[in-house]
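Scroll down for the structure; my scribbles are underneath it.
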Amino acid sequence: MQAADQQPLNCDLDEIAAYVIKYPNFMSRSLGKIPNIKGKQTVYATQETLLTERVGEIVDIPSMFTENPFYKPYRKQSWETEDRVYTYKAHENIASVRGHSVHRKSSLPYVYPEDGGKLKRFAGFECSWVKKSMAGVQTVEVCNALFYGWTVALFGRTVRQGKDAFYTEATDISHQCIKKEQIAVPEDRSWQRVD
0 MQAADQQPLN CDLDEIAAYV IKYPNFMSRS LGKIPNIKGK QTVYATQETL LTERVGEIVD
60 IPSMFTENPF YKPYRKQSWE TEDRVYTYKA HENIASVRGH SVHRKSSLPY VYPEDGGKLK
120 RFAGFECSWV KKSMAGVQTV EVCNALFYGW TVALFGRTVR QGKDAFYTEA TDISHQCIKK
180 EQIAVPEDRS WQRVD
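The sequence shown maps to residues 0 to 194 in this note's numbering.
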């Protein structure tokens, strides 16, 4: 494994070191000719938490198959901690939590996986490139790196029946101090177990 520039950060007591990864274009298409979700994505990776925020627009389902589909505001946040994933969909006011296998924290801010994948570079960081074809129905391309032990896709694309079904690409990555409250799982939500 090879590290990028990993100068230690001197954060204040109310701050934590984080990689902030920005994706200006995020698109997901499940049905039809138009994306059902489009917007931007930001990932915050710290030793304690991986926060993914998606902000943009989601198509109004009844209007999706009409001549004039329209979009409404969309916001989804997902906090991944050592043993739980908390998801909040602001546009639906749904707060859910589920367990997952225990995450192994890492003090290394950044490495790329040594999984035999070809190395590619996005936003100045190397990642492990994998391309899979599934029975000719769809092709998945992903390029992963590890930030504080969290697997983060710097590029992701799914092509289904010749059309993009999912697309995102990191264009800006910075290592900085952020407020701990910015990354904390909100305590004022009624988290519903889904597992």
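Even for Gly, the Cβ is constructed at its ideal location relative to N, Cα and C.
With distances taken between CB atoms, is the gap from D171 to M26 smaller than 8 Å? Taking 8 Å as the Cβ cut-off, D171 and M26 do not qualify as a contacting pair.
According to DSSP, simplified to helix, strand and coil, what is I182? I182: helix per DSSP, three-state reduction.
So the beta strand (DSSP E) Q160 belongs to, where does it begin and stop? That residue, Q160, is in no beta strand (DSSP E); it is neither H nor E in DSSP.
So if DSSP puts M26 in a beta bridge, which residue, or which two residues, is it bridged to? DSSP, once it has assigned bridges, lists K37 and Y166 as partnering M26.
Which value, in whole angstroms, describes the spacing of the CA atoms of N143 and Q191? One C-alpha to the other measures close to 30 Å.
Going straight from the alpha carbon of E56 to that of I36, what length do you get? Between E56 and I36, the C-alpha separation is close to 6 Å.
Please state whether DSSP places P72 in a helix, a strand or coil. Reduced to three states, the DSSP call for P72 is strand.
In chain order, what residues of the same chain lie with their CB nearer than 7 Å to the CB of P72, ignoring the 5 residues before and after it? The beta carbon of P72 is closer than 7 Å to those of E56 and H90 in its chain, skipping five residues each way along the sequence.
Can you check whether the CB of A169 is closer than 8 Å to the CB of L153? Their beta carbons are under 8 Å apart, which means L153 touches A169 by this criterion.
So for S77, helix, strand or coil by DSSP? The answer is strand: DSSP assigns S77 an E or B state.
Who are the near neighbours of D13 in its chain, counting only those whose CB is closer than 7 Å to its CB and skipping five residues on each side? The residues K178 and K179, in chain order, have a CB closer than 7 Å to that of D13 in the same chain once the five nearest residues on each side in sequence are set aside.
Short of 6 Å in beta carbon distance, which residues of its chain neighbour K130, apart from the five on each side in sequence? Order them along the chain. Close CB contacts of K130 within its chain, under the 6 Å cut and outside five residues either way in sequence, are with E140 (chain order).
Check whether the segment 42–54 touches the segment 74–94, counting contact only when three or more Cβ pairs, one atom from each stretch, lie closer than 8 Å. Three or more pairs of CB atoms, one per stretch, sit closer than 8 Å, so the segment 42–54 contacts the segment 74–94.
Our contact map puts H99 next to D82 with C-beta atoms below 8 Å; I'd like the distance itself, whole angstroms only. Sure, about 7 Å apart at Cβ, within 8 Å.
6 Å CB neighbourhood of D194 in its chain, flanking five on each side removed: The beta carbon of D194 lies closer than 6 Å to those of R97 and G98 in the same chain, with the five residues before and after it left out.
Which whole-angstrom value is the C-beta distance of W128 and A44, which I expect to be below 8 Å? The C-beta distance from W128 to A44 rounds to 20 Å, too long to fall under 8 Å, and the pair is not in contact.
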